[in-house]
Amino acid sequence: MVKKKLSLSKMLKSIAERKNTKTIDSFLNPTLNTLKTSSNENVGNQDFTNCLTQKEIENTDDFSISFEKNKVKCDLNKAKTDPMSNTLGFNDNETTKDNFTITDEELFDNFDTQKTDKNMTVEEKLTKNNTGEILSSPKKFEYLINGYENEVVSETRFSFLKDIKDKNGKKPGEAGYNSGTLFISTDQYSKLKPFERQYWEIKSDLFDTVVFIKMGKFYELYENDALLARKLFDLRVKDRANGMKLAGVPDVQYDVWAAKFLAAGYKVARVDERESLLAKKMRERDTQVKEKIIERKTTEIVTPSTIYNHEYIKSPLPFYLGVVLSDVCCMNFVEECDSNYHYSVLLYDSSVNFMYTSSVCDNFCLDSIKTLFTQYDVREVITNCAEINKKTFRGLAINPVETVSLELKEEAGMLYKIKESKESAKQMKSCVNVLEFENTSQAKCFLQLYRYFKGLLRENVFKESSVNKLNKSFECMQLDAATIVNMDILVNNFDNTVKHSLFDTVNCCTTPFGVRKLYQWILHPLCKLEKIKERREKVNMLKVYDRAMLINILKEMGDIERAHCKLKQHKVSLKDLKSFINASKQTIKLLENILEKADTLKDDFYSPKYFHGALKNIISDFEKNFNLLDDHVEPVNSTDELFIVLNEKIEIEKQLCQNIKRLSEFYGDVALNYKNVSNDIFQIECSKEDFEEKISEKIKTSGEFEIEIFSKTKFVVRFYTKETKKLVLLYKEAEEKIFQAKNYVLTRAVKFFAPNFIFYKELVDYIATLDCYLSFSLFNGKHSSSFSEPHFIDNFKNKNLQKKCLFSAVDVTNPIYQDYVTNDFNPMFEISLLTGPNMGGKSTFLRSICLNIILAQMGLNVAAKEMHMPIYDQIFTRIGASDSLAKNESTFMMEMNECSKILKNATNNSFVILDELGRGTSTRDGEAIARAVLIYLNKIGCFTLFSTHYHRLMHEIDANKEESLESNRYFMSYSIEKEDVIFKYKLKEGISDESHGIYVARLAGVPEEILEDAKKIKEEIVRKNLSF
1 MVKKKLSLSK
11 MLKSIAERKN
21 TKTIDSFLNP
31 TLNTLKTSSN
41 ENVGNQDFTN
51 CLTQKEIENT
61 DDFSISFEKN
71 KVKCDLNKAK
81 TDPMSNTLGF
91 NDNETTKDNF
101 TITDEELFDN
111 FDTQKTDKNM
121 TVEEKLTKNN
131 TGEILSSPKK
141 FEYLINGYEN
151 EVVSETRFSF
161 LKDIKDKNGK
171 KPGEAGYNSG
181 TLFISTDQYS
191 KLKPFERQYW
201 EIKSDLFDTV
211 VFIKMGKFYE
221 LYENDALLAR
231 KLFDLRVKDR
241 ANGMKLAGVP
251 DVQYDVWAAK
261 FLAAGYKVAR
271 VDERESLLAK
281 KMRERDTQVK
291 EKIIERKTTE
301 IVTPSTIYNH
311 EYIKSPLPFY
321 LGVVLSDVCC
331 MNFVEECDSN
341 YHYSVLLYDS
351 SVNFMYTSSV
361 CDNFCLDSIK
371 TLFTQYDVRE
381 VITNCAEINK
391 KTFRGLAINP
401 VETVSLELKE
411 EAGMLYKIKE
421 SKESAKQMKS
431 CVNVLEFENT
441 SQAKCFLQLY
451 RYFKGLLREN
461 VFKESSVNKL
471 NKSFECMQLD
481 AATIVNMDIL
491 VNNFDNTVKH
501 SLFDTVNCCT
511 TPFGVRKLYQ
521 WILHPLCKLE
531 KIKERREKVN
541 MLKVYDRAML
551 INILKEMGDI
561 ERAHCKLKQH
571 KVSLKDLKSF
581 INASKQTIKL
591 LENILEKADT
601 LKDDFYSPKY
611 FHGALKNIIS
621 DFEKNFNLLD
631 DHVEPVNSTD
641 ELFIVLNEKI
651 EIEKQLCQNI
661 KRLSEFYGDV
671 ALNYKNVSND
681 IFQIECSKED
691 FEEKISEKIK
701 TSGEFEIEIF
711 SKTKFVVRFY
721 TKETKKLVLL
731 YKEAEEKIFQ
741 AKNYVLTRAV
751 KFFAPNFIFY
761 KELVDYIATL
771 DCYLSFSLFN
781 GKHSSSFSEP
791 HFIDNFKNKN
801 LQKKCLFSAV
811 DVTNPIYQDY
821 VTNDFNPMFE
831 ISLLTGPNMG
841 GKSTFLRSIC
851 LNIILAQMGL
861 NVAAKEMHMP
871 IYDQIFTRIG
881 ASDSLAKNES
891 TFMMEMNECS
901 KILKNATNNS
911 FVILDELGRG
921 TSTRDGEAIA
931 RAVLIYLNKI
941 GCFTLFSTHY
951 HRLMHEIDAN
961 KEESLESNRY
971 FMSYSIEKED
981 VIFKYKLKEG
991 ISDESHGIYV
1001 ARLAGVPEEI
1011 LEDAKKIKEE
1021 IVRKNLSF
């Protein structure tokens, strides 16, 4: 046997030199990416450079390669570096030894091996030195990531995981099975060790939740959760000595990993230690009751729809948990409500702790509910409505309503009251404000939300929550779900991302909370002329400011709204508090800059004296009570408990100094000093020579100062005396008290802002509005050459002509794709009929008009040289054709559902787009329905753009004077050159009698022989005067 040991760094350097590679980093990644586990599972995304830096690799002694028989093993002794421990999942308390080897010839194939080495074995390539000598030639490498390679874990150890049942005895797949619980019998519990029993008592109530349990400086996942972590994120899984599968992450990285699981759609529970090991010993000493394990408790549960930590949320846009309950009658108290379906709705945004409520009157198709869910990105819903199901709302997590106990009703009843109710709320002393609901049905929605959050251990958040009403129809233009989707308002239709959407186009906001405000503005354009003018005036006033400076200040504020929400829930770190204080100071700076022009502008919005004065007082009062230091918050009051325990620690340190001085004198002026080694602090250290010659002799002749030798090296001896050990214990207890006192001070510092939560809510709303005004100003300035200010016709009637003033646009184009062809549009009548070839630009033109209307009523400039328009109360669109197998709806059924909604809700102030209505059925039926719908819309008097391929419809409307359907006729121009159609995308007056589908088929690559046959068939149909 030939045995050769070399460090990993030398091995890698050797490879680098042979491949003429200058640095380790240039080949380190491809090397380690080829490593595989013994079960042939890829290591995954664990980049070795994240484990050890180049310097650490060069200096480490923890790695060695040994060639033995047919294996070459790389032994990794206990890894002490944090980066390696983070990746491999080591515990601080574990003494581990894992074996590593490098696998197969892919390792060297990545280095583009020279031809001279082509026939060499992997081992020869690895061990060949610079002179070409072969040091060893073993046969094969392995990579063993699991150090317990010879251990056989009993598969029946946790028998309750083999035959899974919920706590009611139901198995998966059976009716009524509860995936959130796990049945473990008393006999099975009795066989578990103390920690295992503690873990399974927690996990059995959270079986469908990923449970992170605190173990020292790590959060650990066990059994199914550990296997899930490996499946999703390639986290290393190992077996504990007791047989439990384990994956661990450092406690400082908990937020990172919790966010990963939440993003993947899983619920996450956090189980924390309620005491340290030292605190446990102190408690046991005081209570005289000893326990085998540290006390742990579930502190919170978070679901993907109830994330409150802004660090988990990548997007600034809001998302909601909804509660929808059916009502027996209309809760809007409309005397003649013709709807048959009534609902109370509550939407909750956990990231800002806001609730939105509404009473909805709907139809069988749930159009109003669908619109709400589209507008507010509802991801999870609690409901008692059978019609709200996963078939109707795909991708939505649905939870059934559960009975709320009387005790829970009384508990939640302290937090809210019904508007104009004679009974006042039973306010809790700790409750800052009382939630007010419009009616009892909305209050029932809140009870269901409260019950749900009680299960998440987070019901206290509602003591600081707020209730807001959803926008009413008379305040804003209404956009239904179909319009939001069809017009690419929030996301585009090809990959469902925000890119190339109207929102993405107009969004120039600086702050995340400004983005959320803009999100609401784009969904609710204004429908009052005075409001539109007021918004435009506010935007224009910003020209007197240095907008770049305002933007730079806003950038420093971060997401103060979500940070404020986290502060309200009292689950913050020192870093969070510092960030919030800094954001508040940046806000003061911003308000001071705004106030500089207050006298010039003489506008209330640009004179925020109230916010400025109040915020300065809040921060000033905070600094009078607390000091923010690097590692903790310190109270100003010198008599605080923190200073008392700090003084205790100082006193103990003095005693330790006196102790070592006394020992030195006692042993004959021996040079003694304290040495801290890990957690073993204040070890008394002296030279080996002094210990043997002086201390040992003194101990023999005197019984005083008995010692306990702790460790020896070649040159020094370290030991304790009984008195020193007592002082060290007192010192550690003092440090524990200081730790607890600092946490208590941090809690008090956070609670200092509790009385000002409503003020901060108003302040954030003000700054968000300012950010939106800045966004509007930037948008208008960026497009000053191609966009223009729209002109509005107040009310629809012209007093002189006693006739509606219609729409007019010059050089209008799509605001999202501004390089599209521009068009003029000047209709004389309410109905405009549009024809033209397939792919000729009809739908694009319809979208361009609609999107510019939305921009205009938001208060922005429009993508046109000139545009005159009335103010619309609603926009309805019917574009596209698709069926839904999940909803058991055909293309035509979906068309008719959307059309029915338009006919029932459109007014004479509405804007309607119908694109190729009736194409989902036969030509005769489709044409008849299209014609009847046009006649009805004409009676309503709404402004309608109607595109169609029913060319005969145009002529029949002209022929039938009894229908009195006056309409504008337009077509998208084109030309035919040889066998091709050329699209010009220009709007022309008139009718196109051809759709030229055969030419489009040629563009799509349909075989020529089929096209020729199609031409002949078409000519035959025309000769027979059949409808085409």
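Here full-length UniProt numbering is used: the first residue of the sequence shown is 1, the next is one more, and so on. Glycine included, each C-beta is placed from N, C-alpha and C at the ideal position. Every value quoted in this text rests on a predicted model; they were computed, and no experiment measured them.
Buried versus exposed, by CB contacts within 10 Å (16 or more), residue i
{"i": "Lys-737", "result": "buried"}
{"i": "Thr-948", "result": "buried"}
{"i": "Ala-864", "result": "buried"}
{"i": "Val-933", "result": "buried"}
{"i": "His-791", "result": "exposed"}
{"i": "Val-677", "result": "exposed"}
{"i": "Thr-306", "result": "buried"}
{"i": "Phe-368", "result": "The question names Phe, but residue 368 in the sequence shown is Ser. When all chains shown are included, Ser-368 counts as buried."}
{"i": "Glu-592", "result": "exposed"}
{"i": "Asn-235", "result": "This sequence places Leu at residue 235; Asn is not what is there. So Leu-235 counts as buried."}
{"i": "Arg-878", "result": "buried"}
{"i": "Gly-169", "result": "exposed"}
{"i": "Tyr-610", "result": "exposed"}
Rounded separation between residue i and residue j - CA only
{"i": "Leu-841", "j": "Thr-371", "result": "One detail in the question is off: residue 841 reads as Gly in this sequence, not Leu. Each residue's Cα considered, the two are about 28 Å apart."}
{"i": "Met-896", "j": "Cys-385", "result": "24 Å"}
{"i": "Ala-482", "j": "Val-912", "result": "12 Å"}
{"i": "Cys-565", "j": "Val-404", "result": "27 Å"}
{"i": "Leu-567", "j": "Gln-818", "result": "43 Å"}
{"i": "Val-491", "j": "Ile-398", "result": "24 Å"}
{"i": "Val-352", "j": "Cys-527", "result": "28 Å"}
{"i": "Ala-247", "j": "Thr-497", "result": "34 Å"}
{"i": "Tyr-222", "j": "Lys-543", "result": "59 Å"}
{"i": "Arg-662", "j": "Leu-642", "result": "30 Å"}
{"i": "Phe-513", "j": "Arg-1002", "result": "50 Å"}
{"i": "Ser-922", "j": "Asn-507", "result": "43 Å"}
Beta-carbon gap between residue i and residue j smaller than 9 Å
{"i": "Tyr-356", "j": "Leu-347", "result": "yes"}
{"i": "Lys-210", "j": "Val-271", "result": "The question names Lys, yet the displayed sequence has Val at residue 210. No, they are not a contact pair."}
{"i": "Lys-988", "j": "Tyr-970", "result": "yes"}
{"i": "Thr-511", "j": "Met-557", "result": "yes"}
{"i": "Arg-274", "j": "Ile-213", "result": "no"}
{"i": "Arg-516", "j": "Phe-626", "result": "no"}
{"i": "Arg-547", "j": "Ile-313", "result": "no"}
{"i": "Thr-219", "j": "Asp-251", "result": "Note that residue 219 corresponds to Tyr in the displayed sequence, not to Thr. A contact, by the Cβ cut-off of 9 Å."}
{"i": "Tyr-545", "j": "Lys-602", "result": "no"}
{"i": "Val-401", "j": "Phe-393", "result": "no"}
{"i": "Lys-714", "j": "Lys-688", "result": "yes"}
Presumed contact (8 Å Cβ cut-off) between residue i and residue j, rounded CB distance
{"i": "Gly-836", "j": "Met-954", "result": "The Cβ separation is near 12 Å, so there is no contact."}
{"i": "Asp-765", "j": "Leu-554", "result": "Actually they do not touch by this definition, with Cβ atoms about 15 Å apart."}
{"i": "Cys-899", "j": "Glu-830", "result": "In fact, because the Cβ distance is near 18 Å, the residues do not count as touching under 8 Å."}
Residue i, DSSP secondary structure in three states
{"i": "Gln-569", "result": "coil"}
{"i": "Tyr-606", "result": "coil"}
{"i": "Ser-179", "result": "coil"}
{"i": "Arg-270", "result": "strand"}
{"i": "Asp-349", "result": "strand"}
{"i": "His-500", "result": "coil"}
{"i": "Asp-811", "result": "strand"}
{"i": "Lys-422", "result": "Any reading at Lys-422 is ruled out, since the residue's pLDDT is 47, under 50, leaving its predicted position unreliable."}
{"i": "residue 1032", "result": "Since the first and last residues shown for the chain are 1 and 1028, residue 1032 lies out of range."}
{"i": "Glu-916", "result": "coil"}
{"i": "Glu-898", "result": "helix"}
{"i": "Gly-613", "result": "helix"}
{"i": "Tyr-950", "result": "coil"}
Within-9 Å CB hit, residue i to chain C
{"i": "His-612", "result": "Going by chain labels, chain C is absent from the structure shown, which holds only one protein chain."}
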